[in-house]
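Asker: Quick note on this note's numbering: the sequence shown kicks off at 42 and runs consecutively. C-beta: ideal position from N, C-alpha, C; glycine also. In this text, all values refer to a predicted model and were calculated from it rather than measured experimentally. Provided herewith is a single structure, encoded as structure tokens, for subsequent inquiry.
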Amino acid sequence: MGDSQKSRQHVKKRPPLLRALGSAEPPETIAVAGREWRLDETFKHDSWAATATYVSGEDRLICKFNRTQPIFFLPMRWLGRMLARRELGFLERLRDVELVPTPYAEVRADGVVLDNAAARVFIPGEAFHGPEQVTPTFFDDLYALLREVHARDMAYVDLHKRENVIVGPGGRPHLIDFQVSFGVAPGAGRVKRAILKRLQETDLYHIRKHHIRCFPETLTPEQIAAWRDPPGIISIHRRITKPLRSLRRKLLVTLGVRDASGMARSEADPEIAFRERNGANGPKA
């Protein structure tokens with residue numbers, strides 16, 4: 042038994058307040074695109090969403106069920122609806138981009154439309170974590186993919202974590218989770234355009250960071266210098282989020298949801314990107 046498994050024996054499951062669906066789980070069956078799909082595996086269930094794979098015959102899809110659990114007396118169904126609608130909108134905007142999964146229009150359970158749910162095509166693969174998985178052409182594809190995203194007046198925003206990039210068939214990169222992405226509509230004003238530009242700069246910064254850590258010899262001195270001079274918004278983000286992240290980890294440790302390390306992988310049911318990489322338990326998309 043690995044150290045992480047031993048650690049998880051001493052932690053508790055998240056309480057309903059810290060789970061998107063409270064004490065509930067993703068439905069056993071859903072109806073999507075005129076077919077019935079059966080629950081296969083839950084990849085993640087945190088405060089924001091429960092994400093699971095479903096199967097129908099030989100086909101698989103991913104469905105994300107956004108938050109419905111109230112926060113004490115505050116209803117949260119509106120948030121789940123907004124997050125689902127927002128992410129589906131981004132996926133629709135990128136429908137013709139090769140390395141982004143195609144969304145499905147509607148999810149039903151027991152005949153009822155789940156307006157907090159967002160379903161998309163399943164991409165087989167695993168979370169990106171290091172150079173042993175890929176070749177330098179992986180980053181050529183990733184830069185090209187990001188240019189496609191940016192050309193649609195969007196910023197991905199969540200590239201600081203390597204596991205948010207999926208290594209798919211043929212070792213090519215896929216972007217699959219657009220929950221915190223940012224986009225502007227045609228005719229957006231200067232303020233929104235300025236925010237978009239800054240967030241797009243952070244996307245490029247984070248890709249260079251991963252690129253340098255994997256294949257520094259393939260970058261020019263100018264590219265390395267650009268990485269060493271991060272956009273100002275990065276410093277602002279770190280000053281705001283670092284204490285919040287520390288506070289959140291301390292809370293989860295105090296509640297017994299994580300071990301003393303405070304790391305996500307120590308939870309009783311960690312998201313699939315942090316599960317031990319062996320056999321069928323490796324990260325999938």
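(1) For a test of the three-state rule: what should DSSP assign to lysine 202, helix, strand or coil?
(2) For alanine 309 and leucine 296, I'd like the C-alpha separation in whole angstroms.
(3) From the DSSP output, in three-state form, read off valine 344 for me.
(4) Under the rule that 16 or more other beta-carbon atoms within 10 Å means buried, what is valine 141, buried or exposed?
(5) Quick one: using the 10 Å Cβ neighbour count with 16 as the cut-off for buried, is tryptophan 119 buried or exposed?
(6) For lysine 291, which residues of its own chain have a beta-carbon under 8 Å away from its beta-carbon, when the five flanking residues on both sides are left out?
(7) In terms of alpha-carbon separation, which member of Thr282, Val294, Pro144 and Pro172 lies closest to glycine 212?
(8) In the DSSP assignment, find the beta strand (DSSP E) that holds lysine 105 and state where it starts and stops.
(9) With DSSP collapsed to three states, give me the class of histidine 170.
(10) Under a three-way DSSP split, which group does tyrosine 95 fall into?
(11) Alpha carbon to alpha carbon, what distance is there between asparagine 157 and arginine 136?
(12) Indicate whether glutamate 204 and alanine 168 have their beta-carbon atoms separated by less than 8 Å.
(13) For proline 116 versus alanine 91, is the C-beta distance shorter than 8 Å?
(14) For glutamate 189, which residues from the same chain have a beta carbon less than 7 Å from its beta carbon, with the 5 sequence-adjacent residues on both sides left out?
(15) Among Thr143, Leu187 and His191, which has the Cα closest to the Cα of isoleucine 164?
(16) By how many angstroms is the C-alpha of threonine 83 removed from the C-alpha of glycine 323?
(17) Quick check on the DSSP output: the beta strand (DSSP E) that includes threonine 83 runs from which residue to which?
(18) Mapping DSSP to helix, strand and coil, what is leucine 293?
(19) Please report the straight-line C-alpha distance between histidine 247 and aspartate 151, rounded to a whole angstrom.
Answerer: Inspection of the coordinates gives the following:
(1) Locating residue 202 in the sequence shown gives position 161, counting from the first residue. Under the three-state reduction of DSSP output, lysine 202 falls in the coil class, being neither helix nor strand.
(2) The sequence position of residue 309 within the sequence shown is 268, counting from 1. The sequence position of residue 296 within the sequence shown is 255, counting from 1. The alpha-carbon atoms of alanine 309 and leucine 296 are separated by roughly 13 Å.
(3) Outside the displayed range of the chain (42 to 326) lies residue 344, so it cannot be described from this structure.
(4) Working through the sequence shown from its first residue, we reach residue 141 at position 100. With 16 or more other Cβ atoms inside 10 Å of its own Cβ, valine 141 counts as buried.
(5) Taking the sequence shown and counting its residues from 1, one reaches residue 119 at position 78. Counting of Cβ neighbours within 10 angstroms places tryptophan 119 among the exposed residues, the total staying below 16.
(6) Translated into the one-based positions of the sequence shown, residue 291 becomes position 250. The residues Gly303, in chain order, have a CB closer than 8 Å to that of lysine 291 in the same chain once the five nearest residues on each side in sequence are set aside.
(7) Here residue 212 is taken as the residue at index 171 of the sequence shown, counted from 1. Minimum Cα distance to glycine 212 is reached at Pro172.
(8) Walking along the sequence shown from the start, residue 105 turns up at place 64. Lysine 105 -> beta strand (DSSP E) spans 100-107.
(9) One-based indexing of the sequence shown puts residue 170 at position 129. Collapsing the DSSP output to three states places histidine 170 in coil.
(10) The count along the sequence shown starts at 1 and reaches residue 95 at position 54. Judged by DSSP in its simplified three-state form, tyrosine 95 adopts strand.
(11) Within the sequence shown, the letter at position 95 stands for residue 136. Within the sequence shown, the letter at position 116 stands for residue 157. Between arginine 136 and asparagine 157, the C-alpha separation is close to 20 Å.
(12) Taking the first residue of the sequence shown as position 1, residue 204 is located at position 163. Taking the first residue of the sequence shown as position 1, residue 168 is located at position 127. Yes.
(13) Taking the first residue of the sequence shown as 1, we reach residue 116 at position 75. Taking the first residue of the sequence shown as 1, we reach residue 91 at position 50. At a Cβ-Cβ threshold of 8 Å, proline 116 and alanine 91 do not count as neighbours.
(14) To locate residue 189, count along the sequence shown from 1; it is residue 148. Once the five neighbours on either side are set aside, the close Cβ partners of glutamate 189 are Val138.
(15) Taking the sequence shown and counting its residues from 1, the one referred to as residue 164 is at position 123. Nearest C-alpha to isoleucine 164: Thr143.
(16) As a first step, residue 323 is located in the sequence shown; it is residue number 282 there, counting from the start. As a first step, residue 83 is located in the sequence shown; it is residue number 42 there, counting from the start. Here glycine 323 scores only 45 on pLDDT, less than 50, and its place in the model should not be relied on; the value that follows carries that caveat. Spanning the two alpha carbons is a distance of roughly 13 Å.
(17) Here residue 83 refers to the residue found at position 42 when the sequence shown is read from its first residue. Element bounds for threonine 83: 76-86.
(18) Translated into the one-based positions of the sequence shown, residue 293 becomes position 252. In this structure, leucine 293 counts as helix in the three-state DSSP scheme.
(19) For the purposes of this step, residue 247 is taken as residue 206 along the sequence shown, with counting starting at 1. For the purposes of this step, residue 151 is taken as residue 110 along the sequence shown, with counting starting at 1. Whole-angstrom Cα-Cα distance: 42 Å.
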